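Engineer: Residue numbers (numbering that gives the first Met the number 0), protein chains in the order written: chain S, 0 to 734; chain W, 0 to 159.
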Amino acid sequence: MDTLKLSRREFVRAGGRAGAVLVLGLRAAPVRSESATSLFSPDVFVSIDAAGLVLVTVSRGEMGQGVRTSLPRILADELEADLARVEVVQGLADQRYGDQNTDGSRSVRMLWSPLRRAGALAREMLVRAAAEHWNLPAAECRARDHAVEHPATGRRLDYAQLVARAAKLPVPETPVLKDSADFRFIGVAAPMRDARAVVTGSAIYGYDVRIPGMKYACVARAPVFDARIRSLDDVAARAVPGVRGTYRIPFSAHPRSFRPEEGIAVLADDSWSAMRGRDALSIDWNEGANATYETGSFRAELRESVSQAGKLRLQRGDITAGLAAEGVRVEADYETAMLAHAPMEPPVAVAWVRDGRCEIWAPVQDPQDVRRRVADWLGIAPDKVKVTITFLGGAFGRKSQIDFVFEAVEVSRQAGVPVKLFWTREDDIRNCYFHAESVHRMEARLGADGLPSAWRMRAAYPSIDWMDVKGLDYPMPWETGMGLTNMPFDVPAVSIEACRARVPIRIGWLRSVCNLWHAFALNGFIDEMAAAAGIDPVSYRLRMLGKDRVFAAPNEEPDPLVNFNGTRVDTGRYRRVIEHLAERTHWSEALPTGRFRGFAAHNSFYSYVATVVEVEYDGRGAPRVTRIDTAIDCGLVVNPEGIRKQVEGAAIFGLGAALFGEITAQGGRAMQSNFGDYRILRLSECPPVIEAHIMRSDAEPGGAGEPPTPTIAPALAAAFFAATGKRFRDLPLRV
Amino acid sequence: MIEFELNGRAVSTDADASMPLLWWLRDIHGLTGTKYGCGIGACGACTVHIDGEPGRACLSSLGSLEGRKVITIEGLAHGAVAGTPAATALHVVQRAWMDHDVAQCGYCQAGQIMSAAALLSANPRPDEAAIDAAMAGNLCRCGTYPRIRAALRAVAAGEA
Ligand code: FES
Ligand code: FES
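(1) Is A81/W helix, strand or coil by DSSP?
(2) Just to confirm my understanding: we take C431/S, look at its own chain, exclude 5 residues before and 5 after, and list those with CB closer than 6 Å. What are they?
(3) Is P19/W close to chain S, meaning its C-beta is less than 8 Å from at least one C-beta of that chain?
(4) Assuming contact is defined by CB atoms lying nearer than 8 Å, are G392/S and M343/S in contact in what I supplied?
(5) Counting pairs of Cβ atoms below 8 Å between the region 485 to 498 of chain S and the region 308 to 318 of chain S, do you hit three or more?
(6) With V410/S as the anchor, note down where its alpha helix (DSSP H) starts and where it stops.
(7) Taking 7 Å as the line, does the beta carbon of R140/W fall inside it for any heavy atom of ligand 2?
(8) At a Cβ cut of 8 Å, what residues of the region 107 to 120 of chain W count as close to chain S, listed as they run along the chain?
(9) Return helix, strand or coil for P536/S, following the three-state DSSP convention.
(10) Any beta carbon of chain S sitting closer than 8 Å to that of M134/W?
(11) Apply the 10 Å Cβ neighbour rule to T36/S and answer buried if 16 or more other Cβ atoms are within range, or exposed otherwise.
(12) Please list, following the chain, all residues that have a C-beta closer than 6 Å to any non-hydrogen atom of ligand 1.
(13) Mind reading off the beta-carbon distance from L658/S to P731/S? Whole number of angstroms is fine, and I expect it under 8 Å.
(14) So, G200/S versus I49/W, is the Cβ gap smaller than 8 Å?
(15) Please state whether DSSP places T335/S in a helix, a strand or coil.
(16) Can you name the residues of chain W whose CB is closer than 7 Å to the CB of D207/S?
(17) From D697/S to V107/S, what does the alpha carbon distance come to, in whole angstroms?
(18) Between the region 673 to 691 of chain S and chain W, which residues of the former have a C-beta closer than 9 Å to a C-beta of the latter?
(19) Which first and last residues belong to the alpha helix (DSSP H) in which H132/S is found?
(20) By Cβ distance, which residues of its chain are closer than 7 Å to L590/S, with the 5 residues on each side in sequence left out?
(21) In or out: N134/S buried (at least 16 other Cβ within 10 Å) or exposed?
(22) 8 Å is my cut-off, CB to CB: does I1/W come that close to chain S?
(23) Decide if the region 389 to 409 of chain S is in contact with the region 201 to 208 of chain S; the criterion is three or more beta carbon pairs, one per stretch, under 8 Å apart.
(24) Quick one: does S63/W have its CB under 8 Å from some CB of chain S?
(25) Ignore the nearest five residues each way along the sequence and tell me which others in C633/S's own chain have a CB closer than 7 Å to its CB.
(26) Under the rule that 16 or more other beta-carbon atoms within 10 Å means buried, what is E325/S, buried or exposed?
(27) Establish whether the CB of P71/S and some CB of chain W are separated by less than 8 Å.
(28) By a C-beta neighbour count over all protein chains shown, 10 Å radius and 16 as the cutoff for buried, is T319/S buried or exposed?
(29) Would P145/W count as contacting chain S if we go by Cβ distances under 8 Å?
(30) With contact counted as at least three CB pairs below 8 Å, one residue from each stretch, are the region 438 to 446 of chain S and the region 263 to 277 of chain S in contact?
(31) Return the residue from the list A299/S, D368/S, A361/S and A458/S that minimises the CA-CA distance to I210/S.
(32) With DSSP run on the structure shown, which of helix, strand or coil describes N137/W?
(33) Tell me which residues of the region 33 to 52 of chain W have at least one Cβ-Cβ distance to chain S shorter than 8 Å, keeping chain order.
(34) Does A56/W have its Cβ less than 8 Å from a Cβ in chain S?
(35) Once DSSP output is grouped into helix, strand and coil, what is the label at A49/S?
(36) Against chain W, with Cβ distances strictly below 8 Å, would P190/S count as a contact?
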């Protein structure tokens, strides 16, 4: 495998290789700027100019998760910089930065060490430069506030006065990192760095890129997965004022990875003319076998699938004997609907192919991946492809699945002009890489203590690996590894099985991926077992955890750089996050009449999360959510305000999905196409209180963008059960 | 030829009268602060002020704007802070948005701010129900609603 080919899936599977890339990035020779005399660039992530202005390169995309705010603070802290004199440079696609895939809740996780190191080595060099200048021992000097001081004599030199000398010094191999007690920015709440650009409308998203000579294109693409064009009549389309031409996006054979569906692009002087031109196209599609895909019968197929044994993904103890033993038997099926990401900014890319080169400006999550794949598409070397990441108007996984970039590149290649290839909302919903639908069957036998002595879990959902493995029809180990096989509970006999599911529509990853349905099924079933045993659901979870243990998560290769101790599941952290939230929400105390609540917990992306959803219900209509409390242990926190915002956003994302997130298919097509029929939560539907309880932790940073999402739906379902006495085993919840 | 006022200046265009303001603003006039989110009036990302009222640029044809006054996010601060140079001026809502660290990806926020500013000019002291009603048509996929509420409450209480 090419080491740069790290999609999320490959990352999870082959963490070790991602680590190798990072190491290469770090050990790369120090980069000197063109004017090395005036500029000090001891590392790819940092340079300081003659005025002492620090430029920090952010190599990940900003999509609302706050990397342009949090990442520079890590470096600035080690550097002892004045934040007012720190500017952010958005990194282009470049291997020197190591992995750039802004996905899998890992920006802080993976850049924590490289950025600290970069800041520390720059600081050490500045201190040495000052010490040499003063002819004093470096140990007597210290960096403070963008300057080096000699406290004994009160001497002080600003970084601006030191960069020239520092640039001539050797770069230390092993800079000494600050003690965490001395952090000044890390752990301190910081508002969004780019807030002013956002509120004034001047932030440039992918949709906003304008370059001279640029034309606008949209695509009429396969209405059904893998549909082929039988015939095309584009005469009327070409006659629409402003339309410049039509271009075919070729069919891509499987395994297709992120290559686009077949389609016809209409190129025009402006977006509106392109859309009108597209409306005038007449295309006869050969829709193929996937046109029979229909949600109802597909769901029945999945149910049938979990009634039979699947591929064993985890086995512990004797499940057959365990399930056959004496004791209470609990069984339940859980089903979840298909979802679309619907980022507020639909997919879009600007591309300009000319003279054997290609330049791209786009809201993409992984610029290196774009560069490599586009180079491959065009048959040119990757260094001929330049990728500039714009602000991302939301992504949630959609913008690492880059079919839209290929479309832009292809139209520009054929038309010979810069092209902005935009998707409408209808395009976005209909041609999504959907979060798949799923069915889970849970069966358990409870022992004399009320806890499960044997637990069988069967999961059926189309695998995301269809992109790279033709004809795949089982969930892969990395997929069941996102929440099932790495579950923390100490159960003597366990069988976790991946059951058959074909792939009749394009599916992909969406915020939290498989954790969404796994957390729903796990928590739902734990509540049912607890009820069968007559034990409070929170105490039940704590008892199921058993003694604190740390164990290696199955289906993941350990890697110190990529996942720290994260390939290990720490049941003590899981326990503490539950206890913390139970205490903060006064779980053991009764609620006022008419108030009810539900609890859920889940571990994902090396973080531990628990959620309590509280509802109000008077016996009529549907319960109304009054508050959501989420506790998170995501290790050491760089920007608590950023985490808080992610927790709030995840609660709203999760709540909307649980209440009405549902894409249905008929004739192989998604039946929804815009916000009128694909509902997302509105402000007027948002609970009055959403509170984040961030745990203090010294563990290495874990993920924060995704982990607070999976607990919302099961906690809501539990609250609905508490209110109505009815179990809710399907998503979206139907009252 | 269609003539109207945009952010305090007279503009004229010979573009197709049925073209929605949104695409004219973004593709032809070059003001990209007003965003596309749905094209059907369902998300509020394209909210502008038309004669002082919140309006959806994706549903407003150029022809319907003849002789009217349009304000976009780029022009919001101008009238609001009299005498302040345009580059440093912020509308009270924009400032409140920064104080409450509202934005995540930020894409919906121009529309949110335009709706909020229109609400406050019509009703300087909106209660919760008025806030919910005025802001229900502005979707935010990142989930910034609690902070939008907090920022609006602060302005309504005269704290911003
Ligand atoms: S783009 Fe106009 S309301 Fe959505
Ligand atoms: S801040 Fe991202 S859509 Fe609102």
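The C-beta atom is built at its ideal place from N, Cα and C for all residues, glycine as well. For clarity, every value in this text was computed on a predicted model and none was experimentally measured.
Structural biologist: Let me spell this out:
(1) Because A81/W carries a pLDDT of 46, less than 50, the predicted location of this residue cannot be relied on, and no value is offered for it.
(2) A339
(3) yes
(4) yes
(5) yes
(6) D402 to A414
(7) yes
(8) C107, Q108, A109 and I112
(9) helix
(10) yes
(11) In this prediction, T36/S has a pLDDT of 38, which is less than 50 and means its spatial position is unreliable; nothing more can be read from the coordinates.
(12) Y35/W, G36/W, C37/W, G38/W, G40/W, A41/W, C42/W, G43/W, A44/W, C45/W, R55/W and C57/W
(13) 6 Å
(14) no
(15) strand
(16) T31
(17) 14 Å
(18) N673, F674, G675, I679, L680, R681, L682, S683, E684, C685, P686, P687, V688 and I689
(19) S106 to W133
(20) R596
(21) exposed
(22) no
(23) yes
(24) no
(25) S606, I642, P700, G701, G702, A703 and P706
(26) exposed
(27) no
(28) exposed
(29) yes
(30) no
(31) A361/S
(32) coil
(33) T33, K34, Y35, G36, C37, G38, I39, A41, C42 and A44
(34) no
(35) coil
(36) yes
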